[in-house]
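Working notes, beginning with the structure itself.
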Amino acid sequence: METTRLDQGLFRTDAPNGLTILTELLPGVRSVAVGVWVRTASAHEPRAKMGVSHLLEHMVFKGTERRSAHQLALELEARGGALDAYTGRDHTNYQAHVLDDDLARALDVLTDLVRRPLLREEDLALERNVVLEEIATVEDTPDDLVFELFNEQLWPQHPYGYSILGTPDTVRALSAADLQAVHGGYYPANCVVAAAGHLDHERVLLLLEREGWFEPADRAGARPAVEPGPAVRGKQHRVARETAQTHLVFGSDTFAYRDRRRFALSIITNVFGGGMSSRLFQRIREELGLAYAVYAYQQFFQSAGVAGVYVGTLTEAADRTADAIRQEYARLSREGLSAVDLAQGKQQLKGQVMLSLESPASRMNRLATLALHGEPYRPLDQILEEIDTITPAEIQAITAEFFNPDRQTVVRLGPDRA
């Protein structure tokens, strides 16, 4: 195995079987955040199997070769720790936050979940029903549902537009064999392990070796990113629903996480709709009083990205609100950011970056991102310097390309009346 010191207290080891391990020592804490990222998720699913990765993430908690579902829940909680998981577009994550003395226990439990789940047919009916309830919750939550509808309109032929949860029909059709096929084909040999806190890198390696993580891989390696086709731009889509408000999402495809323009886009998103001082908040809420919730957002994936705006407003004000947002899009696309806005945006982003590294969990996630997206490690000072060097011309190029109001696909969810 090859171990590289990336920074003070920060190490990376690449094992021959494809496993990557990154750790960061934080001597001032008494806890450890540790996680396992599996490089398979909803972006790798065919439409007919939509939701299989998410259902698999649920099912591993129903029991492993060494622990029952109750034992898995109790093992870390009884010690004051926490165990969690989520399914994203490009990867699935299992993580724990525990006292430093319980690191071995946490790795043991995470290994059980990722490498030794039972995935029994008799457990599937109950957990399938849980996921169906989760889907129903989204259906009953319009400010969540509108994002599902938007993604489907933006990428109708690509898994980035599929629901991570799946649909009732696809989830009902999934079998234990489907789950076993995904797990057996892509789980144990397709992982990144990251940990941050009061730990020692060599001890983490020893614990992983004890759990069998360095055994030769006899399964598939990392799944390639699935390149999306052209996104649908400029489409207007309405969905009738009797809700108290009308919910709108504007948005367009952008670029992948690895693109160095992401810092510039983050600045633009903050200035446009990132908080109480943003243009959208000041215009839509403070000046016009049209909405309680309005914000801009961005997402970065392996192969693409999204920049968008959400607003919830009374139905009778929806047209006026949409027009005001389009006006702000047009202004941003045409003018970019002023020197003052750019300077304030840089400071805001630098503050967000620095504050995001205040906990072991956020440090752990930063480490995993390096391996998941193939990025070289850069010290914090270098990242802050990169942010400082962003120019008005770079900002203008991004706003002109991605924030033109005619480029935005818009989904409107609410009552079918003016």
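Position 57, counted from 1, in the sequence shown is what my numbering calls 327; the numbers after and before it change by one each time, with no gaps. Ideal placement from N, C-alpha and C gives every residue a C-beta, glycine not left out. In this text, all values refer to a predicted model and were calculated from it rather than measured experimentally.
Buried or exposed (CB count within 10 angstroms, at least 16 for buried), residue i
i    : result
Q235 : Residue 235 is absent from the structure shown; the chain starts at 271 and stops at 688.
H340 : exposed
L419 : buried
G543 : buried
E598 : buried
M634 : buried
R607 : Checking the sequence shown, residue 607 turns out to be Leu, not Arg. Flag for L607 reads buried.
D686 : exposed
D611 : buried
E556 : exposed
A348 : exposed
A311 : buried
T411 : exposed
Q515 : buried
P500 : exposed
Residue of the options minimising C-alpha distance to residue i
i    : options                   : result
V502 : T524, R473 and C461       : T524
G298 : N635, P630, T585 and S573 : P630
A663 : Y647, F571 and E605       : E605
A465 : T679, L640, E272 and L650 : L640
L469 : T293, L276, A670 and G455 : T293
D284 : H471, G454 and S626       : H471
N460 : E485, L477, I405 and R528 : E485
D277 : P646, P429 and V368       : P646
Y430 : R480, P316, A510 and D378 : P316
E655 : V681, A638, L476 and Q617 : Q617
K332 : R300, L342 and L518       : L342
R336 : A487, L380, T310 and V322 : L380
L642 : D360, A588 and F551       : D360
L693 : L280, L550, A446 and D414 : Not covered by the structure: residue 693. The range shown for the chain is 271 to 688.
R275 : E671, L637 and N674       : L637
S301 : H324, A313 and D371       : D371
F672 : G615, S536, S626 and Q622 : S536
Residue i, DSSP secondary structure in three states
i    : result
E312 : Reading off the sequence shown, one finds Ser at residue 312, where the question assumed Glu. In the structure shown, S312 sits in a helix (DSSP, three-state: H, G or I).
F331 : helix
F570 : strand
Y599 : helix
E671 : helix
Y457 : coil
V502 : coil
E664 : helix
L294 : First, the residue type needs correcting, since residue 294 is Glu and not Leu in the sequence shown. It is a strand residue.
S626 : coil
F525 : coil
R636 : helix
R317 : helix
G684 : strand
H324 : helix
L280 : strand
A303 : strand
R648 : coil
T437 : coil
Distance CB(residue i)-CB(residue j) smaller than 7 Å
i    : j    : result
D676 : G504 : yes
V308 : Y457 : yes
R386 : T334 : yes
A526 : A574 : yes
A366 : L353 : yes
V462 : T290 : yes
I554 : V579 : no
V681 : H428 : no
T539 : A561 : no
E398 : V441 : One detail in the question is off: residue 398 reads as Arg in this sequence, not Glu. For R398 and V441, yes; Cβs fall inside 7 Å.
I665 : A566 : no
L650 : V581 : no
D448 : V576 : no
A303 : G467 : yes
Residue-level contact to chain C via CB, residue i, 7 Å cutoff
i    : result
T583 : Note that chain C does not occur in the displayed structure, where there is just one protein chain.
Residue i: CB within 6 Å of a non-hydrogen atom of the ligand HEM
i    : result
M320 : The ligand HEM is not among the ligands present in this structure, which contains no ligands whatsoever.
Item to check | Segments assigned beta strand (DSSP E), at least 3 residues, entirely inside the stretch 528-598 | outcome: The beta strand (DSSP E) runs of length 3 or more contained entirely in the stretch 528-598 are, from start to end of the chain, 563-570 and 575-583.
Next on the checklist: Restricting to runs no shorter than 4 residues, where is the alpha helix (DSSP H) found entirely within the stretch 332-402?
Outcome noted: If we require 4 residues or more, the alpha helix (DSSP H) runs fully inside the stretch 332-402 come out as 339-347 and 373-385.
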